[in-house]
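> There's a structure below that I have some questions on.
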Amino acid sequence: MNKIVNNKAWWLVLPVFLLVAFSAILPMMTVVNYSVQDIFDQSTRFFVGTDWYKQVLRDPRLHDSLGRQFIFSACVLLIEIPLGIAIALTMPTKGRWASFCLIVMAIPLLIPWNVVGTIWQIFGRADIGLLGWTLNKLGLSYNYASNTMDAWVTVLVMDVWHWTSLVALLCYSGLRAIPDVYYQAARIDRASSWAVFRYIQLPKMKSVLLIAVMLRFMDSFMIYTEPFVLTGGGPGNATTFLSQTLTKMAVGQFDLGPAAAFSLVYFLIILLVSWVFYTAMTHSDKNR
Amino acid sequence: MDWMAWTLPTAAFFGSIALVLVSMTVWELRSPCVERKGFLPISTTRGDRLFIGLLGSAYFHLLVVGVTDWSTWIASVLSLVWLFAVMRWG
Chain E
1 MNKIVNNKAW WLVLPVFLLV AFSAILPMMT VVNYSVQDIF DQSTRFFVGT
51 DWYKQVLRDP RLHDSLGRQF IFSACVLLIE IPLGIAIALT MPTKGRWASF
101 CLIVMAIPLL IPWNVVGTIW QIFGRADIGL LGWTLNKLGL SYNYASNTMD
151 AWVTVLVMDV WHWTSLVALL CYSGLRAIPD VYYQAARIDR ASSWAVFRYI
201 QLPKMKSVLL IAVMLRFMDS FMIYTEPFVL TGGGPGNATT FLSQTLTKMA
251 VGQFDLGPAA AFSLVYFLII LLVSWVFYTA MTHSDKNR
Chain C
1 MDWMAWTLPT AAFFGSIALV LVSMTVWELR SPCVERKGFL PISTTRGDRL
51 FIGLLGSAYF HLLVVGVTDW STWIASVLSL VWLFAVMRWG
């Protein structure tokens, strides 16, 4: 079949382009402009070249929070993706239970980030929180406000609680889209349940998993509100991630130049990692 | 446009990016590209190669500014060589 190419269709993209230009491209350009200047007020600004980049890229605070950020995102993906797949596989496929499970799974996704932070902040407290109180009564010393490990585990568990549902729901929709004939063929071949998962379900879930991995990576890499509410970045700087370091710089200290340079470095990291994920997952299909 | 705090170098930078995008569009309309595989581990279109070239250039600059005390111009020259290599043989 000959595909008709009509480039006039691009005009239909124009409104979206204008909207994106207004909401993303122009602000982004402004950030680039800010990142090469020392700005005191609107009329007093000096060109400083790459000085802010030099300062920011050699800042140990950025190195530390970048390291923490990568560890956090890696943990999030390593826990949430397999867990989400496992939950999707065990969820009922039809009937009332299916609807019930879907609603229960969707609830954490509907809760605003700061509320999630507050819920876990109270939940984890040793004096009034159910989790903190129970753990301490069981003889486990747990205090997320003073112990680094406890703070990390709490932030991670909070993220897993909040977002695994998204992965599970995406995988569930992917699983429901597999025609029954595949399973029938597998039954005829007496395929084990592992073989069904490995050669039917997993390949068929690939596109939704791509979206899940990308969304979870980008979201976890940009996480701000929940750890800010839960631990405030502490104890010390133990749970201070990139966005919080950036906010301190831009809003707390009002260092707009370095903060702009930091934002662009941050953006480039997210762009690179997302592109690598996307390319790796889309090209493994093509090369097969 | 005063709120955007423009400077000559950043205006030149965005101007050249816009020029590259317009030229790529014209080039694509004149002779549509075919996906091919060069020295990069994946098959790419012309636009993919431009993206990889530009992203690589950004990282060259970050590397030179962040790790060395060399002039930024060295990064820019390296980036141009890289961009050309990716576009031609990538």
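These protein sequence lines map, in sequence, to chains E and C.
Under UniProt numbering, residues 1 to 288 are what the first sequence spells out, in order.
Under UniProt numbering, residues 1 to 90 are what the second sequence spells out, in order.
By construction, the Cβ of each residue, glycine as well, lies at the ideal position given by its N, Cα and C atoms.
Is residue 20/C close to chain E, meaning its C-beta is less than 8 Å from at least one C-beta of that chain?
Sequence index remark: in the second sequence, residue 20/C carries index 20 (1-based). So no, residue 20/C is outside the interface.
> Which same chain residues end up closer than 7 Å to residue 55/E when comparing Cβ atoms and leaving out the 5 residues on each side of it in sequence?
Along the first sequence, read from residue 1 onward, the residue named residue 55/E stands at position 55. Excluding residues within five positions, the ones whose Cβ falls inside 7 Å are 258.
> Quick check on DSSP: helix, strand or coil for residue 58/E?
Here residue 58/E is taken as the residue at index 58 of the first sequence, counted from 1. Coil, per DSSP.
> Hey, out of 52/E, 229/E, 101/E, whose CA is closest to residue 249/E's CA?
Counting from 1 along the first sequence, the entry for residue 249/E is found at position 249. Measuring from the Cα of residue 249/E, the nearest candidate turns out to be 52/E.
> Look up residue 270/E in the DSSP assignment and say whether it is helix, strand or coil.
Numbered from 1 along the first sequence, position 270 holds the residue referred to as residue 270/E. Note: residue 270/E maps to helix in three-state DSSP.
> Report the residues of the stretch 35-47 of chain E with a CB closer than 8 Å to any CB of chain C, ordered along the chain.
Listed in sequence order: 36, 37, 39, 42, 45, 47.
> Answer yes if the stretch 202-214 of chain E comes into contact with the stretch 112-123 of chain E, meaning at least three C-beta pairs across the two stretches below 8 Å, and no otherwise.
No contact exists between the stretch 112-123 of chain E and the stretch 202-214 of chain E.
> Going by the DSSP bridge assignment, what does residue 255/E pair with across the sheet?
Reading the first sequence from its first residue, position 255 is the one you call residue 255/E. Answer by DSSP bridge pairing: none, since residue 255/E is not bridged.
> How would you write the range of the beta strand (DSSP E) that residue 37/E sits in, first residue to last?
Position 37 of the first sequence, counting from 1, holds the residue named residue 37/E. Here the beta strand (DSSP E) through residue 37/E covers 37-39.
> Alpha carbons only, please: which of 39/C, 6/C, 74/C, 45/C is nearest the one belonging to residue 24/C?
Here residue 24/C refers to the residue found at position 24 of the second sequence. The candidate whose alpha carbon is nearest that of residue 24/C is 45/C.
> Check whether the stretch 55-71 of chain E and the stretch 257-277 of chain E are in contact - that is, three or more C-beta pairs closer than 8 Å.
Cβ pair count under 8 Å is three or more, so yes.
> Starting from residue 241/E, trace the beta strand (DSSP E) in both directions and tell me its first and last residue.
Here residue 241/E refers to the residue found at position 241 when the first sequence is read from its first residue. First-last for residue 241/E: undefined, no H or E at that position.
> What are the uninterrupted segments assigned as beta strand (DSSP E) that are 3 or more residues long and contained completely in the stretch 13-97 of chain E, given in chain order?
Whole beta strand (DSSP E) segments, 3+ residues: 37-39, 45-47.
> Flag this pair as yes or no: are the beta carbons of residue 151/E and residue 225/E separated by less than 8 Å?
Against the first sequence, residue 151/E aligns to sequence position 151. Against the first sequence, residue 225/E aligns to sequence position 225. It is not a contact, given that the beta carbons lie outside the stated cut-off.
> Could you spell out the range, first to last residue, of the alpha helix (DSSP H) harbouring residue 137/E?
Translated into the one-based positions of the first sequence, residue 137/E becomes position 137. Looking at the DSSP string, the run of the alpha helix (DSSP H) that includes residue 137/E is 130-137.
> Tell me, please, whether the stretch 50-57 of chain C touches the stretch 24-42 of chain E by the rule of three or more beta-carbon pairs shorter than 8 Å.
At 8 Å Cβ cutoff, the stretches do not touch.
> Got a sec? Which residues, its chain only, sit under 7 Å from residue 131/E by beta carbon, not counting five neighbours each side?
Residue 131/E sits at position 131 when you count from the first residue of the first sequence. The answer, listed in chain order, is 123, 124.
> Give me the Cα-Cα distance between residue 243/E and residue 171/E, rounded to the nearest whole angstrom.
Counting from 1 along the first sequence, the entry for residue 243/E is found at position 243. Counting from 1 along the first sequence, the entry for residue 171/E is found at position 171. If I take the Cα positions, the gap works out to 29 Å.
> Just mark residue 223/E as buried or exposed, buried being the case when its beta carbon has 16 or more other beta carbons within 10 Å.
The count along the first sequence starts at 1 and reaches residue 223/E at position 223. Looking at its Cβ environment, which holds 16 or more other Cβ atoms inside 10 Å, residue 223/E is buried.
> Where residue 173/E and residue 12/C are concerned, what is the direct C-alpha to C-alpha distance, given to the nearest angstrom?
Here residue 173/E is taken as the residue at index 173 of the first sequence, counted from 1. Here residue 12/C is taken as the residue at index 12 of the second sequence, counted from 1. Residue 173/E and residue 12/C: Cα-Cα distance of roughly 47 Å.
> If you measure between the beta carbons of residue 144/E and residue 154/E, is that distance less than 8 Å?
As a working mapping, residue 144/E is identified with position 144 in the first sequence. As a working mapping, residue 154/E is identified with position 154 in the first sequence. In contact: residue 144/E and residue 154/E (Cβ atoms closer than 8 Å).
> Check for me: the alpha helix (DSSP H) holding residue 55/C runs from which residue to which?
One-based indexing of the second sequence puts residue 55/C at position 55. Segment 46-67, the alpha helix (DSSP H) holding residue 55/C.
> With which residues is residue 36/C paired in a DSSP beta bridge?
In the second sequence, the residue the question calls residue 36/C occupies position 36. BP columns for residue 36/C point to 44/C.
> At a CB-CB cut-off below 8 Å, which residues of chain E make contact with residue 14/C?
For the purposes of this step, residue 14/C is taken as the residue at position 14 of the second sequence. Under the 8 Å cutoff, chain E gives 29, 32.
> I'd like to know whether the C-beta of residue 65/C is nearer than 8 Å to at least one C-beta of chain E.
Translated into the one-based positions of the second sequence, residue 65/C becomes position 65. Chain E contact via Cβ: present.
> In chain order, what residues of the same chain lie with their CB nearer than 8 Å to the CB of residue 194/E, ignoring the 5 residues before and after it?
Along the first sequence, read from residue 1 onward, the residue named residue 194/E stands at position 194. Taken in chain order, the list of residues that qualify is empty.
> Classify residue 262/E: buried if its beta carbon has 16 or more other beta carbons within 10 angstroms, exposed otherwise.
Looking up residue 262/E in the first sequence gives position 262. Counting Cβ neighbours within 10 Å, residue 262/E comes out buried, since at least 16 surround it.
> Which term fits residue 159/E, buried or exposed, when burial requires 16 or more other beta carbons within 10 angstroms of its beta carbon?
In the first sequence, the residue the question calls residue 159/E occupies position 159. Residue 159/E should be labelled buried.
> For the alpha helix (DSSP H) holding residue 7/C, just list the boundary residues, first then last.
By one-based count along the second sequence, residue 7/C stands at place 7. Here residue 7/C belongs to no alpha helix (DSSP H), and DSSP marks it neither H nor E.
> Out of 63/C, 5/C, 31/C, which one is the CA nearest neighbour of residue 26/E?
Start at 1 with the first residue of the first sequence, and residue 26/E comes out as number 26. The option with the nearest alpha carbon to residue 26/E is 5/C.
> So residue 148/E is in the alpha helix (DSSP H); what residue range does that whole segment cover?
Start at 1 with the first residue of the first sequence, and residue 148/E comes out as number 148. That run of the alpha helix (DSSP H) goes 148-176.
> What residue from 42/C, 81/C, 2/C, 40/C has the CA that sits closest to residue 60/C's CA?
If you number the second sequence from 1, residue 60/C lands on position 60. Nearest of 42/C, 81/C, 2/C, 40/C to residue 60/C, Cα basis: 81/C.
> Which whole-angstrom value is the C-beta distance of residue 73/E and residue 267/E, which I expect to be below 8 Å?
Taking the first residue of the first sequence as position 1, residue 73/E is located at position 73. Taking the first residue of the first sequence as position 1, residue 267/E is located at position 267. Residue 73/E to residue 267/E, Cβ: 15 Å. No contact.
> Work out the CA separation of residue 72/C and residue 92/C for me, nearest whole Å.
Residue 92/C is absent from the model: chain C starts at 1 and stops at 90.
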